[in-house]
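Number of protein chains: 2
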Amino acid sequence: MLREAIELFNLQGYDATSMGDLASRLGFTKSALYHHVPSKEHLLQLALDEALDNLAEAVAAARADSSVSALDRLRRAVRGSVEVLIGHLPAVTLLLRVRGNSPAELAALKRRRELDAQLAQLVAEAAAEGGIRTDIPPDLISRLLFGMVNSLTEWVRPSGRISPDTLADALTAIAFEGLLAP
Amino acid sequence: MLREAIELFNLQGYDATSMGDLASRLGFTKSALYHHVPSKEHLLQLALDEALDNLAEAVAAARADSSVSALDRLRRAVRGSVEVLIGHLPAVTLLLRVRGNSPAELAALKRRRELDAQLAQLVAEAAAEGGIRTDIPPDLISRLLFGMVNSLTEWVRPSGRISPDTLADALTAIAFEGLLAP
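The listed protein sequences derive, respectively, from chains Y and A. Residues in the first sequence are numbered consecutively from 66, following this note's numbering. Residues in the second sequence are numbered consecutively from 66, following this note's numbering.
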């Protein structure tokens with residue numbers, strides 16, 4: 066039911082989707098749907114939690130590995146984010162479209178900002194350690210780098226022919242080594 | 066009137082915005098609004114044309130400069146796209162959210178695909194010429210590179226403190242040279 070709800074929210078927008086739309090899609094009556102789900106916002110909450118819990122776990126795992134350089138922790142955070150994004154594509158797509166129109170959305174935006182701050186901190190650590198360039202502010206690097214990661218939701222399809230590993234390799238190669246021919 | 070319409074479409078979604086909403090925002094009656102504008106879709110069309118015409122012009126200018134290498138034409142296309150994106154931020158933001166729910170949206174998606182193909186072609190030329198790495202397929206490079214460009218719409222504000230030039234410099238430096246410390 067949550068899968069169908071997320072798909073419908075992504076297809077026609079959360080605000081434009083009614084519980085009636087969802088009931089039709091599932092072949093339920095509206096009252097049967099309300100028997101299972103207290104509200105549309107409850108489904109949104111579950112979807113946003115799915116995306117945020119997995120992203121938070123990937124970032125925490127990358128940050129916790131103190132045996133490697135900050136640069137390697139940053140690489141791991143990028144790769145982990147790509148993997149979560151592809152593994153939980155509908156939920157992350159929904160998360161990235163949230164604009165703060167309800168308490169659940171505002172709470173999700175707050176958690177996103179916390180994650181963004183942790184990622185910017187990783188970038189700053191990698192710069193301080195001398196692993197990455199220091200001529201661009203770490204905050205700006207972080208926005209552009211994870212902007213590229215998040216842009217995957219615009220075109221990657223779960224059944225696509227490019228594997229998550231290939232995508233993560235290409236993205237980290239471009240981001241860290243650049244496009245110029247060696 | 067077009068500015069207000071684009072802002073409202075971006076704020077609450079095109080599908081969820083009625084001509085009544087727009088009339089309220091402008092302080093018009095609905096019939097006064099219809100006196101000036103034949104339909105909501107007409108406003109969408111104008112907004113999408115604004116974004117697409119300017120993007121197409123920037124890409125065409127970059128491609129037309131045969132006095133420089135394909136790599137330099139690609140750099141110019143990236144920089145030109147960043148400039149259009151910031152200079153026409155509301156219209157480009159609306160364009161990037163279009164999902165094909167109407168004839169105007171389908172036509173815009175078609176024009177976007179044509180532009181994407183031209184950009185992918187520029188990437189392929191730069192790779193063939195030996196200017197950029199060849200271990201990642203040009204199509205994938207193009208998606209990731211312009212994914213980073215397009216992600217600017219998620220956080221750049223027209224009144225922001227980072228100049229378009231600084232943004233374009235940072236983005237092209239990361240994309241072409243990479244993040245690793247020299």
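Cβ coordinates follow ideal geometry from the N, Cα and C atoms, glycine included. Being a predicted model, the structure only gives us computed values, none of them experimental.
Nearest residue (CA-CA) to residue i, options the options
i	options	result
S224 (chain Y)	Y:E115, Y:Y99, Y:A97, Y:H153	Y:H153
A182 (chain A)	A:I206, A:E194, A:N166, A:E170	A:I206
L76 (chain A)	Y:A246, Y:V163, Y:M66, Y:P247	Y:V163
P229 (chain Y)	Y:A135, Y:V143, Y:T82, Y:A127	Y:V143
A127 (chain Y)	Y:S89, Y:L187, Y:G78	Y:L187
A246 (chain Y)	A:E179, A:R198, A:A88, A:P103	A:R198
L15 (chain A)	A:R141, A:A125, A:V102, A:R226	Lying outside 66 to 247, the shown extent of chain A, residue 15 (chain A) is not represented and no answer is given.
D234 (chain Y)	A:R226, A:I227, A:D234, A:P202	A:P202
S167 (chain Y)	Y:S104, Y:S96, Y:D86	Y:S104
E115 (chain Y)	Y:R226, Y:I227, Y:R176	Y:R176
Contacts that residue i makes with chain A (C-beta to C-beta distance below 9 Å)
i	result
G195 (chain Y)	A246
L217 (chain Y)	R208, L209, G212
L150 (chain Y)	Residues of chain A passing the Cβ test: none, with the nearest at roughly 12 Å.
L174 (chain Y)	Near L174 (chain Y) there are no residues of chain A at all, since even the closest Cβ is about 12 Å away, more than 9 Å.
CB of residue i within 8 Å of CB of residue j, strictly
i	j	result
D204 (chain A)	A185 (chain A)	yes
L217 (chain Y)	A173 (chain Y)	no
V221 (chain Y)	I151 (chain Y)	yes
A169 (chain Y)	L109 (chain Y)	yes
L232 (chain Y)	V147 (chain Y)	yes
A191 (chain A)	L139 (chain A)	yes
L136 (chain A)	L209 (chain Y)	no
L73 (chain Y)	L113 (chain Y)	no
D80 (chain Y)	G78 (chain A)	yes
L91 (chain A)	E69 (chain A)	yes
A123 (chain Y)	V149 (chain Y)	yes
E219 (chain Y)	G212 (chain A)	yes
Interface partners of residue i on chain Y, CB under 8 Å
i	result
L236 (chain A)	L209
D80 (chain A)	Q77, G78, A81
L160 (chain A)	Residues of chain Y passing the Cβ test: none, with the nearest at roughly 12 Å.
Contact set between residue i and chain A, taken where Cβ atoms lie within less than 8 Å
i	result
F241 (chain Y)	G243, L244, L245
I201 (chain Y)	A235, A238, I239
Supposed contact pair residue j and residue i - C-beta distance, whole angstroms, cut 8 Å
i	j	result
I71 (chain A)	P155 (chain A)	4 Å
M84 (chain Y)	L98 (chain Y)	6 Å
A88 (chain Y)	T94 (chain Y)	6 Å
G196 (chain Y)	S131 (chain Y)	G196 (chain Y) to S131 (chain Y), Cβ: 15 Å. No contact.
Simplified DSSP assignment, three categories, for residue i
i	result
I71 (chain A)	helix
I197 (chain A)	strand
L244 (chain A)	coil
I227 (chain Y)	coil
M84 (chain Y)	helix
D181 (chain Y)	helix
D137 (chain A)	helix
G78 (chain Y)	coil
F93 (chain A)	coil
S216 (chain Y)	helix
G165 (chain Y)	coil
P203 (chain Y)	helix
S132 (chain A)	coil
S146 (chain A)	helix
P103 (chain A)	coil
R176 (chain Y)	helix
V221 (chain Y)	coil
Proximal chain Y residues relative to residue i, where beta-carbon distance stays under 9 Å
i	result
R198 (chain A)	A238, I239, E242, G243, L244, L245, A246, P247
Within chain A, partners of residue i - CB distance below 7 Å
i	result
L120 (chain Y)	Neighbours of L120 (chain Y) on chain A: none; closest Cβ ~16 Å, over 7 Å.
L117 (chain Y)	By Cβ distance, chain A contributes nothing, its closest Cβ being about 17 Å from L117 (chain Y), past 7 Å.
Any non-hydrogen atom of the ligand ATP closer than 7 Å to residue i Cβ
i	result
S207 (chain A)	This structure lacks the ligand ATP, and indeed carries no ligand of any kind.
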